[in-house]
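Colleague: In the working numbering, the protein residues as written are 7 to 222. For each residue, glycine too, the CB sits at the ideal point set by N, CA and C. Mind looking over this structure? Questions follow.
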């Protein structure tokens, strides 16, 4: 990379701003009057590779927060469709077009979406999606488990834009049903991993010398 060729003695934000990709990221990160603030201090005692990794981590953290902000501003029906699409993209239900569907805004006894893991629907994953600011406590999880019981289901996924309380997490560990909890941070991470709601603006290959090539 150009950064490695230059072999700079110091890498800071001022140095990195010579690259159009960082300028574009800062520009796209504006939201209203809010601007992503990157520290302008020197990154001490780091190699160029380590500094780039640090920069990538900061960019990813900001992207995750932007994703959550967008989701929170969306409608409940959009969120329900999103989580179904995400689980299908993760491989649940295979490649069938009818593998997953959202139930609709009114829900179905606490169920917001379903994933058919096989063609006949003999094995089904039930989904609940909560676009909340407040923490999800044990009572909400108990309601979801009750809805699963009504469907005679063994598997469920509860997804929220917020976080789960310790009591909620402990509760799902103690029951005989398989219930997976996905909080807001995990949701954003999975969306990035599955390329949902994001697009690539740059890609870098960092290479090193192959000493074996030069050996006799």
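With the cut-off set at 8 Å, would you say residue 6 and residue 132 are in Cβ contact?
Modeller: Nothing can be reported for residue 6: it is not among the residues displayed for the chain, which extend from 7 to 222.
Colleague: For the alpha helix (DSSP H) that contains residue 195, what are its first and last residues?
Modeller: It spans 190-199 - the alpha helix (DSSP H) in which residue 195 sits, taken as one unbroken run.
Colleague: Taking its Cβ as the centre, do 16 or more other Cβ atoms sit within 10 Å of residue 99, making it buried, or is it exposed?
Modeller: So residue 99 counts as buried.
Colleague: Over what stretch of residues does the beta strand (DSSP E) that includes residue 132 continue unbroken?
Modeller: Here the beta strand (DSSP E) through residue 132 covers 130-136.
Colleague: Reducing DSSP to helix, strand and coil, say where residue 83 ends up.
Modeller: Three-state result, residue 83: helix.
Colleague: Using 8 Å as the Cβ pair cut-off and three pairs as the minimum, do the region 70-85 and the region 187-202 touch?
Modeller: Yes, they touch.
Colleague: Looking at the secondary structure, which residues open and close the alpha helix (DSSP H) in which residue 220 lies?
Modeller: 217-220 is the span of the alpha helix (DSSP H), which, as asked, contains residue 220.
Colleague: Given that a residue counts as buried once 16 or more other Cβ atoms are within 10 Å of its Cβ, and exposed if not, what is residue 172?
Modeller: With fewer than 16 Cβ atoms within 10 Å of its Cβ, residue 172 is classed as exposed.
Colleague: Are there 16 or more other CB atoms within 10 angstroms of the CB of residue 137, so buried, or fewer, so exposed?
Modeller: So residue 137 ends up on the buried side.
Colleague: Could you work out which residue in 221, 160, 97 is closest to residue 183 when comparing CA atoms only?
Modeller: Nearest option by C-alpha distance: 160.
Colleague: Starting from the Cα of residue 85, find the closest Cα among 66, 167, 179 and give me that residue.
Modeller: With distances taken between Cα atoms, residue 85 lies closest to 167.
Colleague: I need the DSSP call for residue 42, collapsed to helix, strand or coil.
Modeller: Because the pLDDT of residue 42 is 49, which lies under 50, any placement of that residue in the model is unreliable, and the question is left without a value.
Colleague: Given a threshold of 16 other Cβ atoms within 10 Å of its Cβ, counted over all protein chains shown, does residue 104 qualify as buried or as exposed?
Modeller: Counting Cβ neighbours within 10 Å, residue 104 comes out exposed, since fewer than 16 surround it.
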